[in-house]
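*Asks:* Each residue of the sequence shown is one higher than the last, beginning at 1 in this note's numbering. Beta carbons: idealized from backbone N, C-alpha and C, even for Gly. Predicted model only: the values in this text are computed from it and were never measured.
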Amino acid sequence: MKLLCQILQKRFSHLKELSIQNVVMDSRKVVAGSLFFAIQNGNRYVSEALEKGASIVIADHYFEPHERVISVKDTVLFMQELAAEYRSFLKTKLIAITGSNGKTTTKDIVYAILSKTFPTKKTLGNYNNHIGLPFTILNLEEGDEFAVLEMGMSSFGEIDALGKIARPDYGIITNIGDSHLEFLKTRENVFKAKTELLPYLPQGHFITSGDDIFLKKVSGVHVGYEEGNDYRIVSYRKKERTTSFQVRGKDYEICLEGKHNVMNAAMGIALAEMIGMKPEEIQRNLSQIELSPMRFERFEYRGTEYINDAYNASPISMFAALDSLEEMKAERKFAVLGDMLELGEREIEFHKEVIQKAMSCHLQAVLLYGTRMKLALHELPFHEGLYHFESKEAIREYLRKFSEKTVLIKASRGMKLEDIIEGEEK
């Protein structure tokens, strides 16, 4: 990380000899040569980081003089400024991905396509905010040709702030949905907040959904199932564990299920072709997608096939997951659905719509969990096979009555609905 060292040495003249091996925010990950950012009460770990051999420690309000400690007013702000400066010198092409749903899966797909051909990095975990994005940029190396960055937000100005830091070379907005309505109130406002990315993109380097009623009006490369899209998806075919489709006359197959994931893959294909990759190479790399945990993650345990899609949920992603479950060939199919958070004043209406959708999917039973699901259920007429549970253990007990079953588990992150599976494994 010579470039990062040079930037720091220019800012702080006393750093005569400096070598940085990695950038960390967790003192437990400090090794000899680390640049350690002491954020969120991290000052208490400064001494530990120095003892482990950190080259530089960035801390705010740290008053004990030390040649390897740089004291700043605001550690997070300094990280953002340093990342923006570092990015301005990097030759790495940055790809920014945002949207109400499918950000992480699209990021994983784009990373799979690019990383098998070019040195590529991507946002790890949920590092997609005002701390995670600059942290990811600071961990890029001069040899990285591409970086796939996820951008999250919950209110106005957040994407704009991330755009100023990243100055991306390419951008993808997956869709505009009902996420974050608690803060933004309307889909129109979600659209405005997400499209704060656009001013930071070079002309012609924007990819989005041509099927989305908001995004189809925005100039860019449009992807979707409807006629008129630049990358129109046709010949969708669900197989046992894969899905095949065509885009621009070329055949593709992915080890993912559901029309929504084909849409995500098609956006990745559009991006890959934009940078000059050929369809044969794209398909070869698509066969090696590795999704982040809890994104429609399928596995079997004691005769039950679980679909762990519990990382997060919104009305759009609930509908997509239920459609995928309905397409599957299984003797008994169950949906365990928990609360969707941050939906604002219409949250009960959204929950009712999801319950009604689930009841139309020919499932053995729909099992509900959470206060919002309970309130929504009380406003709907009685329906056989539709139940609410007060505890995750009660859901586990109910499911144990059935053998050879497929169980979808989905809710917002705060519900931690994956505990149902983890409880079975103990």
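By DSSP, does His388 sit in helix, in strand, or in coil?
*Replies:* On the sequence shown, position 388 is the one that residue 388 refers to. In the structure shown, His388 sits in a strand (DSSP, three-state: E or B).
*Asks:* Relative to the C-alpha of Ser115, which residue among His130, Leu133, Gly143 and Phe89 is closest?
*Replies:* Within the sequence shown, numbered from 1, the residue matching residue 115 stands at position 115. Among His130, Leu133, Gly143 and Phe89, the Cα nearest to that of Ser115 belongs to Gly143.
*Asks:* Jot down the residue ranges of each uninterrupted alpha helix (DSSP H) in the stretch 102-150, minimum 4 residues, whole runs only, in chain order.
*Replies:* As far as the stretch 102-150 is concerned, its whole alpha helix (DSSP H) runs of at least 4 residues are 103-115 and 132-138.
*Asks:* Please work out which residues of its chain come closer than 8 angstroms, Cβ to Cβ, to Ile7, disregarding the five sequence neighbours upstream and downstream, and give them in chain order.
*Replies:* Counting from 1 along the sequence shown, the entry for residue 7 is found at position 7. So the list reads Leu82, Glu85, Tyr86 and Phe89, once near-sequence residues are dropped.
*Asks:* Would you list the residues sitting across from Ile307 in a DSSP beta bridge?
*Replies:* Within the sequence shown, residue 307 is the residue found at index 307, counting from 1. Paired residues: Arg298 and Leu408.
*Asks:* Identify which residue in Asp26, Ser55, Val24 and Asn43 has its Cα closest to the Cα of His14.
*Replies:* Locating residue 14 in the sequence shown gives position 14, where the first residue counts as 1. It is Ser55 whose Cα lies nearest to the Cα of His14.
*Asks:* Check each candidate in Ser324, Leu386 and Glu404 and name the one with the smallest Cα separation from Tyr369.
*Replies:* Taking the first residue of the sequence shown as 1, we reach residue 369 at position 369. Minimum Cα distance to Tyr369 is reached at Leu386.
*Asks:* Where does Ser427 land, buried or exposed, given buried means 16+ other C-beta within 10 angstroms?
*Replies:* It is not possible to answer for residue 427, since the shown part of the chain is limited to 1 through 426.
*Asks:* Bridge partners of Gly171, per DSSP?
*Replies:* Residue 171 sits at position 171 when you count from the first residue of the sequence shown. Bridge partners of Gly171: Ala96 and Phe206.
*Asks:* Check the C-beta distance from Met277 over to Thr117 and give it rounded, since I have them as a contact under 8 angstroms.
*Replies:* Translated into positions along the sequence shown, residue 277 becomes position 277. Translated into positions along the sequence shown, residue 117 becomes position 117. Between Thr117 and Met277 the Cβ distance is about 7 angstroms, and since that is below 8 angstroms, they are a contact.
*Asks:* Assign Gly125 to one of two classes, buried (16 or more other C-beta atoms within 10 Å of its C-beta) or exposed (fewer than that).
*Replies:* Indexing the sequence shown from 1 puts residue 125 at position 125. The residue is exposed, with fewer than 16 neighbouring Cβ atoms inside 10 Å.
*Asks:* Quick check on Gly313: does DSSP put it in helix, strand or coil?
*Replies:* Position 313 of the sequence shown, counting from 1, holds the residue named residue 313. Note on residue identity: the sequence assigns Ala, not Gly, to residue 313. Of the three classes helix, strand and coil, the one that applies to Ala313 here is coil, per DSSP.
*Asks:* Which residues bound the beta strand (DSSP E) around Ser244?
*Replies:* Stepping through the sequence shown from its first residue, residue 244 is reached at position 244. Per DSSP, Ser244 belongs to the beta strand (DSSP E) from Thr243 to Val247.
*Asks:* With H, G and I counted as helix, E and B as strand and the rest as coil, what does DSSP make of Arg68?
*Replies:* Here residue 68 refers to the residue found at position 68 when the sequence shown is read from its first residue. Residue state, collapsed to three classes: coil.
*Asks:* Could you please give the first and the last residue of the uninterrupted beta strand (DSSP E) stretch that includes Gly224?
*Replies:* Stepping through the sequence shown from its first residue, residue 224 is reached at position 224. Element bounds for Gly224: Val221 to Gly224.
*Asks:* Look at the alpha carbon of Tyr170 and the alpha carbon of Glu182, and state the distance between them as a whole number of angstroms.
*Replies:* Here the question's residue 170 lines up with position 170 in the sequence shown. Here the question's residue 182 lines up with position 182 in the sequence shown. Their backbone Cα atoms lie some 29 angstroms apart in a straight line.
*Asks:* Taking C-beta to C-beta, are Lys239 and Thr304 nearer than 8 angstroms?
*Replies:* Numbered from 1 along the sequence shown, position 239 holds the residue referred to as residue 239. Numbered from 1 along the sequence shown, position 304 holds the residue referred to as residue 304. No, the pair does not count as a contact, with Cβ atoms beyond the cut-off.
*Asks:* Rounded to the nearest angstrom, what separates Ile39 and Leu341 at their Cα positions?
*Replies:* Translated into the one-based positions of the sequence shown, residue 39 becomes position 39. Translated into the one-based positions of the sequence shown, residue 341 becomes position 341. Those two C-alpha atoms are separated by around 27 angstroms.
*Asks:* Mind checking who Asp60 pairs with in its DSSP beta bridge?
*Replies:* Within the sequence shown, the letter at position 60 stands for residue 60. Looking at the DSSP assignment, Asp60 forms a beta bridge with Val72.
*Asks:* Leaving out five residues before and five after Leu322 in sequence, what residues of the same chain have Cβ atoms less than 7 angstroms from its Cβ?
*Replies:* In the sequence shown, residue 322 corresponds to position 322, counting from 1. Answer for Leu322: Ala335, Lys357, Ala358 and Cys361, listed in chain order.
*Asks:* So, for Leu343: in the same chain, excluding its five sequence neighbours on each side, which residues have a beta-carbon less than 7 angstroms away from its beta-carbon?
*Replies:* The residue labelled residue 343 in the question sits at position 343 within the sequence shown. Excluding residues within five positions, the ones whose Cβ falls inside 7 angstroms are Asp178, Leu181, Glu182 and Phe350.
*Asks:* Tell me which residue opens and which closes the alpha helix (DSSP H) that Gly414 is part of.
*Replies:* Residue 414 sits at position 414 when you count from the first residue of the sequence shown. Counting along the chain, Gly414 falls outside any alpha helix (DSSP H), and DSSP gives it neither H nor E.
*Asks:* Pull up the DSSP beta-bridge partners for Gly338, would you.
*Replies:* The sequence position of residue 338 within the sequence shown is 338, counting from 1. Bridge partners of Gly338: Tyr369.
*Asks:* Can you look up Asn264 in the DSSP assignment and give me helix, strand or coil?
*Replies:* For the purposes of this step, residue 264 is taken as the residue at position 264 of the sequence shown. The answer is helix: DSSP assigns Asn264 an H, G or I state.
*Asks:* Which one or two residues does DSSP pair with Ile233 in a beta bridge?
*Replies:* If you number the sequence shown from 1, residue 233 lands on position 233. Val247.
*Asks:* With 16 as the cutoff for other CB atoms within 10 Å, does Glu347 come out buried or exposed?
*Replies:* Within the sequence shown, the letter at position 347 stands for residue 347. Counting Cβ neighbours within 10 Å, Glu347 comes out buried, since at least 16 surround it.
*Asks:* Grab me the residues of Ala161's own chain with a C-beta within less than 7 angstroms of its C-beta, minus the 5 sequence neighbours each way, in chain order.
*Replies:* Translated into the one-based positions of the sequence shown, residue 161 becomes position 161. Excluding sequence neighbours, Ala161 sits near His130.
*Asks:* Could you give the C-beta distance for Ile137 and Ala272, rounded to a whole number, given that I count them as a contact under 8 angstroms?
*Replies:* Residue 137 sits at position 137 when you count from the first residue of the sequence shown. Residue 272 sits at position 272 when you count from the first residue of the sequence shown. Rounded, the Cβ-Cβ distance is 22 angstroms, inconsistent with contact.
*Asks:* Taking Val46 as part of the alpha helix (DSSP H), name the residues at either end of that continuous run.
*Replies:* Working through the sequence shown from its first residue, we reach residue 46 at position 46. Taken as a continuous stretch (DSSP letters only), the alpha helix (DSSP H) holding Val46 covers Val46 to Glu51.
*Asks:* May I ask you to verify whether the stretch 284-291 touches the stretch 249-263, counting CB pairs closer than 8 angstroms and requiring at least 3?
*Replies:* Contact between the stretch 284-291 and the stretch 249-263 is present, because at least three Cβ pairs lie under 8 angstroms.
*Asks:* Who are the Cβ neighbours of His383 in its own chain at under 6 angstroms, not counting the five residues just before and after it?
*Replies:* Residue mapping note: residue 383 aligns to position 383 of the sequence shown, counting from 1. Closer than 6 angstroms at the Cβ level, and outside the excluded window around His383, lie Met359.
*Asks:* Taking the CB atoms as reference points, tell me whether Thr123 and Thr174 lie closer together than 8 angstroms.
*Replies:* Here residue 123 is taken as the residue at index 123 of the sequence shown, counted from 1. Here residue 174 is taken as the residue at index 174 of the sequence shown, counted from 1. No, the pair does not count as a contact, with Cβ atoms beyond the cut-off.
*Asks:* According to DSSP, Leu35 sits in a beta bridge with which residue or residues?
*Replies:* The residue you call residue 35 lines up with position 35 of the sequence shown. Note: Leu35 sits in a beta bridge opposite Val23 and Ile56.
*Asks:* Express the C-alpha separation of Tyr398 and Gln21 in angstroms, rounding to a whole number.
*Replies:* Within the sequence shown, the letter at position 21 stands for residue 21. Within the sequence shown, the letter at position 398 stands for residue 398. Near 51 angstroms, if we compare the C-alpha coordinates of Tyr398 and Gln21.
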